[in-house]
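**Q** Counting in the numbering used here, the sequence shown runs from 1489 upward without gaps. Ideal Cβ placement from N, Cα and C applies to all residues, glycine included.
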Amino acid sequence: MSIRDWPTAERPREKLLEQGAAALSDAELLAIFLRTGVAGRSAVDLARHLLGEFGGLRALLEADLDQFTTHLGLGPAKYAQLQAVLEMARRHLAERLRRDSALESPQAVRDYLKARLRHEPHELFGCLFLDAKHRVLAFEVLFHGTIDGASVYPRQVVKRALAQNAAAVILTHNHPSGVAEPSQADRQLTQRLKEALALIDVRVLDHFIVGEGEPLSMAEAGWM
1489 MSIRDWPTAE RPREKLLEQG AAALSDAELL AIFLRTGVAG RSAVDLARHL
1539 LGEFGGLRAL LEADLDQFTT HLGLGPAKYA QLQAVLEMAR RHLAERLRRD
1589 SALESPQAVR DYLKARLRHE PHELFGCLFL DAKHRVLAFE VLFHGTIDGA
1639 SVYPRQVVKR ALAQNAAAVI LTHNHPSGVA EPSQADRQLT QRLKEALALI
1689 DVRVLDHFIV GEGEPLSMAE AGWM
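1) Under the rule that 16 or more other beta-carbon atoms within 10 Å means buried, what is residue 1604, buried or exposed?
2) For residue 1705, write down the residues that DSSP places opposite it in a beta bridge.
3) When the Cα of residue 1514 is compared with those of 1617, 1500, 1525, 1524, which residue comes out closest?
4) What do you get for residue 1653, buried or exposed, if any count of 16 or more other CB atoms within 10 angstroms of its CB means buried?
5) According to the neighbour-count rule (16 or more other Cβ atoms, all chains shown, within 10 Å of its Cβ), is residue 1705 buried or exposed?
6) Between the Cα of residue 1627 and the Cα atoms of 1633, 1613, 1640, which residue gives the shortest distance?
7) Go ahead and pull the three-state DSSP assignment for residue 1489.
8) DSSP three-state label for residue 1626, please.
9) Do you know offhand how far residue 1656's Cα is from residue 1650's?
10) Is it buried or exposed, residue 1503, if we count other Cβ atoms within 10 angstroms and call 16 or more buried?
11) In its own chain, which residues sit with a C-beta less than 6 angstroms from the C-beta of residue 1631, not counting the 5 before and 5 after it?
12) Taking the DSSP output, what are the residues bridged to residue 1617?
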C-alpha cells in the first residue's frame, strides 16, 4: 500500500506537521527525506530496511559516498542532500552556542561538540575560544590523530588563543572507541595546557571528551 493510501494521521509528513518532528520514529523521519519508495516498498518500508542494514540512524547518517551509492543505492544526489542537511544542523548548533555564554548553556556546548566530533573516525583535538564574557569567538580543530590518539602541542594552542584574542578556552577531543572516560594522558595534557595558557592569562574552563553518549565534562567530574 502506498503512503498516500494511509490514514492522514499516520503519514509521516502530515504527522510531523501535526505533532512535531520529535513524534516521528527514525524510519518516519528518514522516509520524509527519501520522499519515495521502490517497487513493492513504501518510503517507510525502505527506510526501515536501510536502518536495519546499517544497524541504526547514526551509522546510516555517517555513511560515506561509496557506502551510499553502492550499499544503499541511493545515488550521489541524495548523499549531497543529506550532507547539506547535516551541515545545516551543525551550523544551527554553532549559532545557538554563540548567542549565549558557554557557561550558561552547558547543553548547547555538549550538543555542538557532539555534532562536530562524534562521527569522526580518528581522534581530533580542538578548542572553543571564548571572550571575557565566555561567549564563543570560534571553534578550531587544532590537531588530527590516528584512530587512538592525537599529538597535542601546547605552544600551538597558546598561539591560536592569542590569535583569537581569547580570554578563556574549552578544550575538547573525541574518542573514536566511543568510551568517553579520560585517560591518564588526557588528565596530564589538560594540566599542561592549563599551565601554558595561564602564562598569557587565558583560563581553561573545561575539557570535554566526546564519545558514544553525552560528552564528558572533566570539570564536572572533578578532574580539572
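**A** Reading off the structure:
1) buried
2) 1696
3) 1500
4) exposed
5) buried
6) Ranking the options by Cα distance to residue 1627, first place goes to 1613.
7) Unreliable positioning characterises residue 1489 in this predicted model, as indicated by a pLDDT of 47, which lies under 50. The coordinate reading is nonetheless provided below. Coil.
8) Note: residue 1626 maps to strand in three-state DSSP.
9) 11 angstroms
10) Answer is buried; the Cβ neighbour count reaches 16.
11) 1613, 1638, 1640
12) Looking at the DSSP output, residue 1617 sits in a beta bridge with 1626, 1657.
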